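Worksheet for the structure shown next.
In the numbering used here, the protein residues as written are 78 to 588.
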């Protein structure tokens, strides 16, 4: 393997990583795989794996460089241990492009399928379902490319991932393989798909902008407490558990007309554990004549839940939600759940972030001042099907609400990457979305992916915003069938594997 090929693979990793750190560079993703695919020409599957691994190490080393800060904030181990754990994370994550390229090269050498079909199929499935600690789709790098986002209401992010992979193959054919586009009938036919996608995106963007102009705005407040990760759930100086700083900020928002105020995921555990605190906060909501949506850890018997509660302006709890999708190695330890004593010892060694959280069993809807709130906690915004299941059966005046605390990642790009994922969930389900992060950036995202508000990172603040909410709203195609498009791709993959198996059988018999 020549150094030129290594350099091309690394260049692909850089092209793919940069848009995750700066969303204005989104066009790089559409050509990001081209250098790697050039390097893979005439290579064996094993060589393709190694080139994909180099690409992956650069991709995640640059795009997920925040893991160093995460380990430091999480556990504060010695520097060599921090470096080792970060390298292990990047090495594991790099298996995604490495195994993708191995599978692609193996199949393209054994079946007669065109690269224009095979590579988009494999790339979409690998990015959709390769097991990752922090899931990330190619499409999340496109949160600023509004025209390209609109068809997500039909296919979810999976369709955009497939389109990105297809454009990469077309560029490879036309730029590197010296195939003139006007003579490439197959390529021209395939290029109709991205053209149709973008044309539909232009139409839908204009359609939804006109549609939203007639929606009734509701004034909603959000609070950024900007508390450090290790002080989550503790009252700030000059405040108490019954009168937290977030409540003081909320009173200002209520005076400005906010009928709902949302607090981030900063561990208001005392609401669930101390009846005195619960009564005080419910009384405060009644005095403000504004509902409060907050999060905390809730203990029920031997189970602990990451929960959200809605405190109605009538002075009572009007909604309760328990987080369904837990964070591996944060809210539970894979495999070690089967060995409770060993798991407890591991948690003691690894720090306070690690806890044993039980999963909730169903999504929730909260009714508040004519609005329907669909609560999600933390990284649930990264899972398209989970959000679609929560949104299905849409009613009037609906608002997706994401509560999160990303202080564990420090001053890195991770909170912005989290926000970019929420942008896609808003478009997929055609719902306005309120994304509230303890340390920012928080945002209000319209069903088109446009950001009505985006707050600054790293500041304590309180904002109110008039969010347009629909009086009538049906479910998008993706909301109704979140597994439909990806299911079709799996059927195609099955056909590809069967073709590959049949193609290798005569070789085996001839031996």
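Even glycine gets a Cβ: it sits at the ideal position worked out from N, Cα and C.
Only a predicted model underlies this, so the values are computations on that prediction, with no experimental measurement involved.
Item, Value
"With a 10 Å radius around its C-beta and 16 neighbouring C-beta atoms as the bar for buried, classify residue 496 as buried or exposed.", "buried"
"Enumerated in chain order, which unbroken segments of the alpha helix (DSSP H) with a length of 4 residues or greater are wholly contained in the stretch 491 to 579?", "491 to 506 and 554 to 557"
"For residue 159, which residues in the same chain have their Cβ closer than 7 Å to its Cβ, ignoring the five residues on either side in sequence?", "145, 148 and 149"
"Just to confirm before moving on: does the CB-CB distance between residue 218 and residue 247 stay below 8 Å?", "no"
"Which parts of the stretch 100 to 139 are runs of the beta strand (DSSP E), unbroken and 3 residues or longer, counting only runs that do not cross its ends?", "none"
"Can you list, in chain order, the residues of its chain whose CB lies under 6 Å from that of residue 235, leaving out five sequence neighbours each side?", "201, 205, 562 and 563"
"Name the DSSP bridge partner or partners of residue 374?", "383"
"Pick out whichever of 491, 325 and 251 has its Cα sitting closest to the Cα of residue 301.", "325"
"Bridge partners for residue 478 per DSSP, in chain order?", "452 and 511"
"Would you be able to state if there are at least three C-beta pairs under 8 Å between the stretch 459 to 475 and the stretch 502 to 513?", "yes"
"Alpha carbons only, please: which of 86, 130 and 118 is nearest the one belonging to residue 109?", "86"
"Say whether the stretch 163 to 181 touches the stretch 131 to 138, bearing in mind that this needs 3 or more beta-carbon pairs closer than 8 Å, one atom from each stretch.", "yes"
"What are the complete alpha helix (DSSP H) segments, minimum 4 residues, inside the stretch 191 to 272?", "192 to 206, 223 to 226, 229 to 232 and 234 to 248"
"For residue 341 and residue 513, which I take to be in contact (beta-carbon distance under 8 Å), what is that distance rounded to the nearest angstrom?", "5 Å"
"Please check if any C-beta of chain C sits within less than 8 Å of the C-beta of residue 536.", "Here there is only one protein chain, and chain C is not present."
"If you reduce the DSSP assignment to three classes, tell me which class residue 399 lands in.", "strand"
"At 4 residues or longer, and completely inside the stretch 287 to 361: list those alpha helix (DSSP H) runs for me, N to C.", "322 to 332 and 347 to 350"
"What separation, rounded to the nearest whole angstrom, lies between the Cα atoms of residue 264 and residue 521?", "40 Å"
"With DSSP run on the structure shown, which of helix, strand or coil describes residue 394?", "strand"
"Let me confirm a value: residue 400 is counted as buried when at least 16 other C-beta atoms fall within 10 Å, else exposed. Which label applies?", "buried"
"What residue does the alpha helix (DSSP H) around residue 465 start on, and which one ends it?", "461 to 468"
"Using beta-carbon positions only, say whether residue 214 and residue 122 come within less than 8 Å of one another.", "no"
"Helix, strand or coil for residue 488 per DSSP?", "coil"
"Looking at the structure shown, is residue 175 part of a helix, part of a strand, or coil, going by DSSP?", "helix"
"Go ahead and label residue 279 buried or exposed: buried means 16 or more other beta carbons lie within 10 angstroms of its beta carbon, across all protein chains shown.", "exposed"
"Throw me the rounded Cβ distance for the residue 566 and residue 299 pair, which I believe falls under 8 Å.", "Their Cβ separation, rounded to whole angstroms, is 37 Å, which puts residue 566 and residue 299 out of contact at 8 Å."
"Quick one: what's residue 170 bridged to in DSSP?", "Answer is none; residue 170 lacks a bridge partner."
"Run through the DSSP bridge pairs and tell me what residue 443 is partnered with.", "450"
"Give me, in chain order, the residues of the same chain whose beta-carbon lies closer than 6 Å to that of residue 446; leave out the 5 immediate sequence neighbours on both sides.", "336"
"Hey, out of 117, 475 and 501, whose CA is closest to residue 82's CA?", "117"
"Below 8 Å, can you find three or more Cβ-Cβ pairs linking the stretch 352 to 362 to the stretch 383 to 401?", "yes"
"Output the distance between the C-alpha atoms of residue 187 and residue 99, rounded to the nearest integer angstrom.", "39 Å"
"I need the DSSP call for residue 180, collapsed to helix, strand or coil.", "helix"
"Once DSSP output is grouped into helix, strand and coil, what is the label at residue 86?", "helix"
"Assuming residue 518 and residue 532 form a contact by the criterion Cβ under 8 Å, report the distance between their Cβ atoms to the nearest whole angstrom.", "5 Å"
"Taking all protein chains shown into account, do 16 or more other C-beta atoms lie within 10 angstroms of the C-beta of residue 372, making it buried, or fewer, making it exposed?", "buried"
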